[in-house]
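Just so you know, we're using the working numbering here: the sequence shown kicks off at 7 and counts up by one.
Even for Gly, the Cβ is constructed at its ideal location relative to N, Cα and C.
Note that the coordinates shown come from a computational prediction; the quantities given were computed from them, not determined experimentally.
A quick write-up on the structure given underneath.
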Amino acid sequence: MKYLTLIICLALASLVIAQPQIDLSGIEINVDQDGFVDWLRDKPEGQENPFYDDNYNIALRIGIYGNYANSYYLGLPWVREKIDGFLIDNLLYSSDFRRKNESHNFVFTVNGFGPTHISDEVEEYAEAVTDGYSLFNDRPFSSFTGFRSTRRLEGTKRFVHSAKLYDMGVNTSFVFGIGGIGLSRSVDNLFGRKRPKANLWKRDENKPYPTGQVLKNIFPLFLYSLSTEVAVWKPIKKFVIQVRPEINLGYYTDFAFGIDLGKVMSVERVIDHMAYTDTNNPSSIHVNDEDFGFSLVGGATARAVLYNYHLNGLYGKSKGHYYTFADTRKLVYEAYVGMKIQILQTVEFSYALNWRTSEFKSPFKQSNLWGTIGVKYLMGPAGVGCYD
C-alpha cells in the first residue's frame, strides 16, 4: 500500500506538470496525525493527561486547484455540478448572492480512525488491559480512500431586514471512494513516527477481541457536503468573526453549526477553516498581496450526528466491531486553533490543533486531540486568490 500511495502522488504530480499554468492555480498536501501534538501530551510521570489517546486519527490529502480540477474527465465534478444545480444554485442567486470569485479543487484523500491501542504487541497494551482496558469499549478501526471535487464561491449577500452587505463563502463538495481497504494502515505506519506498528488494523478472527475494520469487505461510499461562511462582524481591520452552518449527506450524515474568529490575511474576506483534512472540510487558498502573509484563527463546532460510517458500519449489518445508532452520541463538539504563513506569494505552510469529544457511548471515556500540517504551492495572481 505504501507503493500505491507513491504511485498516486506521482500520477497527480505528472498531471500538474503536463498542464499549462493557466489551468492550475495551486497544489496542496495536508497530513493529519496524532504525533503532531505530542508536545502537548508529554507530562511528568504521575500527572494525568486528559489527551491520552495518541492513536486516533490519520489523514492524507493531495490536491490541485484551477480549471483542470473542474474537468468533466475526472467524473466527480460533473456529478457535483448536477447536484449543485438541482439543490442550491437557483436558490443562491435568487436570494441576492453576488458572486465575486469562483474556484475549484480536486483531491485524492485517505483518512482513517483507530482506537487508543493499535498494537497488541507492545507493553503499553498489556498494561492497559491489566488496568481494565478493552478494545470492545473503544472505537473500531475504519478507513476511507477516494476523491473529492469541491467548488468554492466567494461574494456578498444582503440578508433580510439588513442594509449591510456581508462577505460570504459557499462550498459544495462531492466525494466518492471506498471503505475497508488497508491504505490507511500504510499511511498510519508511514507518518506514525514513534507509534507502534498498527498490527490490529489486520483482522484476526482467532483473537478474543475485535481486530480489523468496521467493515469486513470493501464497500463504495459517497458524500455530498454544503457549508457556508458568513462574516458577521469585522471589529478591526483583518479581524473577522463568522458563523459557519454545514450539512453532510452520505457516509457522514449530520448538521453542524460553527463559529470562527481570528486574524486573517488582507485578501481574505472570510476565515479559512484550517481544521482537519477529513472529506467534509473544504480546501481554500488565497494569494496574499504582500510578500509575507500571516493568519491566526480558531473556532468551535457543534455537530448533530445521524450516521457515521466510521462508527456505525452499515447500521447493524456489519459483522465487525461497530456501534449502533443508540450507542452513538447524537451531539459531538469540535474545536481547532490554526495558523498559516505565506512566503513570497508562492508557498504557504499551515499548522492546526484539533480536538473532538467522544463520538460514542462507552465506559471508556475518549477525548481526542490531533494535529494537521499543510503545504500549498500558490500559482494564482496576488491580491485575488487562487481562482479560475
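How would you write the range of the beta strand (DSSP E) that residue i sits in, first residue to last?
i, result
"ARG362", "353-362"
"PHE331", "No beta strand (DSSP E) contains PHE331, which DSSP labels as neither H nor E."
"THR115", "103-119"
"GLU274", "From DSSP, GLU274 is part of no beta strand (DSSP E); its letter is neither H nor E."
"ASP38", "32-39"
"GLU340", "337-349"
Under three-state DSSP, which class holds residue i?
i, result
"ALA396", "There is simply no residue 396 to check, as the chain begins at 7 and stops at 394 in what is shown."
"THR378", "strand"
"ILE89", "helix"
"GLU78", "Looking at the sequence provided, one finds Tyr at residue 78 rather than Glu. Three-state DSSP puts TYR78 in a helix."
"SER233", "strand"
"ASN63", "strand"
"VAL43", "helix"
"TYR99", "helix"
"PHE261", "strand"
"PHE2", "Past the edges of the chain, shown from 7 to 394, lies residue 2, and the structure says nothing about it."
"ASP266", "strand"
Considering only C-alpha positions, which residue in the set the options is nearest to residue i?
i, options, result
"THR234", "PRO214, TYR139, THR178 and PHE197", "THR178"
"SER231", "ASP297, GLU130 and ARG157", "ARG157"
"ARG335", "LYS244, MET345, GLN351 and ASN318", "ASN318"
"ASN107", "ASP260, ASP333, GLU274 and ASN117", "GLU274"
"ASN195", "ILE33, GLY386 and GLY41", "GLY41"
"ALA237", "HIS279, MET345, ASP297 and ASN96", "HIS279"
"VAL37", "VAL381, ARG104, GLN248 and SER31", "VAL381"
"LYS213", "ARG145, LEU141, PHE300 and GLY32", "LEU141"
"ARG191", "LYS200, ASN205 and VAL181", "ASN205"
"ASN360", "GLU34, GLY32, ASP44 and LEU30", "ASP44"
What distance in whole Å lies between the Cβ atoms of residue j and residue i, which are believed to be in contact at a cut-off of 8 Å?
i, j, result
"VAL176", "SER289", "Actually they do not touch by this definition, with Cβ atoms about 14 Å apart."
"GLY304", "LEU267", "7 Å"
"LEU66", "VAL116", "5 Å"
For the alpha helix (DSSP H) containing residue i, name the first residue and the last one.
i, result
"VAL135", "129-136"
"LEU255", "No alpha helix (DSSP H) contains LEU255, which is instead part of the beta strand (DSSP E) from 245-256."
Could one say the Cβ of residue i lies closer than 8 Å to chain C's Cβ atoms, at least one of them?
i, result
"ARG164", "Among the chains in the structure shown there is no chain C, since it carries only a single protein chain."
Check your understanding: Counting only runs that start and end within the region 148-230, where is the alpha helix (DSSP H) found for 4 or more residues in a row?
Key -> 189-197
Review point. Which runs of the alpha helix (DSSP H) fall wholly inside the region 290-321 and span at least 4 residues, in chain order?
Key: 315-318
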